[in-house]
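>
Number of protein chains: 2
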Amino acid sequence: MIHSQTGAAGHETTTETQRLISSRKVEGTNVYNLEGEHVGSVDSFMVDKYSGRVSYAVMSFGGFLGIGERYHPLPWDTLDYDTALGGYVVNIPREQLEGGPSFARDEDPWVDPEYDRRVHGHYGLPLGV
Amino acid sequence: MIHSQTGAAGHETTTETQRLISSRKVEGTNVYNLEGEHVGSVDSFMVDKYSGRVSYAVMSFGGFLGIGERYHPLPWDTLDYDTALGGYVVNIPREQLEGGPSFARDEDPWVDPEYDRRVHGHYGLPLGV
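Here it is as structure tokens:
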């Protein structure tokens, strides 16, 4: 979750206070692509109840897709927090984001046990444990 | 984060779907003590931006303390998710919870770099990395 421009040094010099962010603040945080363009915002995120790890950021892309409220789960590891931008940076081309698995607000795609695998597959990631 | 009554076997038999919970659903989840008494609910939680781990659940205890909205950060590892209860179980005596570090809604205790250490210390836990 460290932006490549910040690197490991950013972590070492970061205080504990700066490391923590409230769940209510993550919700609504802007997301940018590598070109610095605003591509969406974090609507919510999925937590693994057992490991306590954040598994997915659920991104709202309605703004630029123009198809209303669609929610795109992104594996958390695809996002890097950029302290300068005050938001997340995702290293995924826009076309791949737009074509990624998505759902409407009243849908619960996670009932499909294969959904995890499908999302990770779309972004070329192995399904972590 | 596995309730002792569920144990490791509960993890092995849990599907990926059951493992994930939305941040919006964690907010508001009830918390019980080992006697099964309702002691509060999760108002929000703190995420480590770099590791992607949930560091604290911020509990709202206003109900039983009767002193309005007070927020008690609990190290995430003190909470176990109980699928039968559909909530979290905390193995901390009520007196210790009530006497724990807390703050009001308009306060941001995390600006104090020692706050992490103080909260962990109150609950007898080492400050993780």
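Chains A and B, in that order, are what the protein sequence lines are. Under the working numbering, the very last position in the first sequence is 1386; numbers go up by exactly one each time. Under the working numbering, the very last position in the second sequence is 1386; numbers go up by exactly one each time. For each residue, glycine too, the CB sits at the ideal point set by N, CA and C. This one's a predicted model, so the numbers in the text were calculated from it and none came from an experiment.
Excluding five sequence neighbours on each side, which residues of the same chain lie with their C-beta closer than 8 Å to the C-beta of Tyr1313/A?
As a position in the first sequence, residue 1313/A is number 56, starting the count at 1. The residues are Phe1302, Met1303, Pro1330, Leu1331, Pro1332, Trp1333 and Val1376.
> Could you check which residue in Pro1370/A, Glu1352/A and Ser1298/A has the C-alpha nearest to that of Thr1286/A?
As a position in the first sequence, residue 1286/A is number 29, starting the count at 1. For the residues Pro1370/A, Glu1352/A and Ser1298/A, the minimum Cα distance to Thr1286/A belongs to Ser1298/A.
> Does the Cβ-Cβ distance between Arg1351/A and Val1288/A come in under 8 Å?
Position 94 of the first sequence, counted from the first residue, corresponds to residue 1351/A. Position 31 of the first sequence, counted from the first residue, corresponds to residue 1288/A. Result no, Cβ atoms of Arg1351/A and Val1288/A do not sit closer than 8 Å.
> Could you give the DSSP three-state label for Gly1297/B: helix, strand or coil?
Taking the first residue of the second sequence as position 1, residue 1297/B is located at position 40. If DSSP states are grouped into helix, strand and coil, Gly1297/B belongs with the strands.
> What three-state label does DSSP hand Asp1363/B in the structure shown?
Residue 1363/B sits at position 106 when you count from the first residue of the second sequence. Reduced to three states, the DSSP call for Asp1363/B is coil.
> Could you say which of Leu1277/B, Val1346/B and Glu1292/B lies nearest to Trp1311/A if we only look at CA atoms?
If you number the first sequence from 1, residue 1311/A lands on position 54. In the sequence as presented, Trp is not what sits at residue 1311/A; that position holds Val. From the listed residues Leu1277/B, Val1346/B and Glu1292/B, the smallest Cα separation to Val1311/A is found for Leu1277/B.
> From which residue to which residue does the alpha helix (DSSP H) around Gly1378/B run?
Here residue 1378/B corresponds to residue number 121 of the second sequence, with the count starting at 1. Per DSSP, Gly1378/B belongs to the alpha helix (DSSP H) from Tyr1372 to His1379.
> Could you compute how far the alpha carbon of Gly1323/A sits from the alpha carbon of Leu1384/A?
Your numbering for residue 1323/A matches position 66 in the first sequence. Your numbering for residue 1384/A matches position 127 in the first sequence. In this predicted model, Gly1323/A has a pLDDT of only 48, less than 50, meaning its place in the structure is not dependable; the value taken from the coordinates is given anyway. Their backbone Cα atoms lie some 30 Å apart in a straight line.
> Return the CA-CA distance between Ser1279/A and Pro1358/B, expressed in angstroms with no decimal places.
Reading the first sequence from its first residue, position 22 is the one you call residue 1279/A. Reading the second sequence from its first residue, position 101 is the one you call residue 1358/B. Going from the Cα of Ser1279/A to the Cα of Pro1358/B covers about 17 Å.
> Using DSSP bridges, identify the partner residues of Ile1278/A.
As a working note, residue 1278/A is residue 21 in the first sequence. According to DSSP, which records beta bridges pairwise, Ile1278/A is partnered with Val1304/B.
> If the cut is a Cβ gap below 7 Å, which residues of chain B does Phe1302/A touch?
Taking the first residue of the first sequence as 1, we reach residue 1302/A at position 45. What Phe1302/A touches in chain B: Ser1280.
> Tell me the rounded alpha-carbon separation between Lys1282/A and Gly1343/A.
In the first sequence, residue 1282/A corresponds to position 25, counting from 1. In the first sequence, residue 1343/A corresponds to position 86, counting from 1. Cα atoms of Lys1282/A and Gly1343/A: separation of roughly 11 Å, rounded to the nearest angstrom.
> Distance cutoff 8 Å, beta carbons only. Does Arg1276/A sit that close to anything in chain B?
Here residue 1276/A refers to the residue found at position 19 when the first sequence is read from its first residue. Yes, Arg1276/A lies at the interface with chain B (some Cβ there is under 8 Å from its Cβ).
> At a CB-CB cut-off below 8 Å, which residues of chain A make contact with Val1346/B?
Sequence index remark: in the second sequence, residue 1346/B carries index 89 (1-based). Those within 8 Å of Val1346/B in chain A number zero; the least Cβ separation is about 12 Å.
> Identify which residue in Phe1360/B, Gly1381/B and Asp1300/B has its Cα closest to the Cα of Gln1353/B.
The count along the second sequence starts at 1 and reaches residue 1353/B at position 96. The option with the nearest alpha carbon to Gln1353/B is Gly1381/B.
> Gly1391/B to Glu1371/B, Cα distance in whole Å?
Residue coverage of chain B in this structure runs from 1258 to 1386, which leaves residue 1391/B outside it and unanswerable.
> I'd like to know if Arg1310/A contacts chain B, where contact means its C-beta is closer than 8 Å to some C-beta of that chain.
As a working note, residue 1310/A is residue 53 in the first sequence. It does: the Cβ of Arg1310/A has a partner Cβ on chain B nearer than 8 Å.
> When the Cα atoms are used, what is the spatial distance from Val1368/B to Asp1339/B?
To locate residue 1368/B, count along the second sequence from 1; it is residue 111. To locate residue 1339/B, count along the second sequence from 1; it is residue 82. Looking at the two C-alpha atoms, the distance is approximately 33 Å.
> Note the first and the last residue of the continuous beta strand (DSSP E) segment covering Leu1354/A.
Residue numbering aside, residue 1354/A sits at position 97 when the first sequence is read from its first letter. Unbroken run through Leu1354/A is the alpha helix (DSSP H), Arg1351 to Glu1355; no beta strand (DSSP E).
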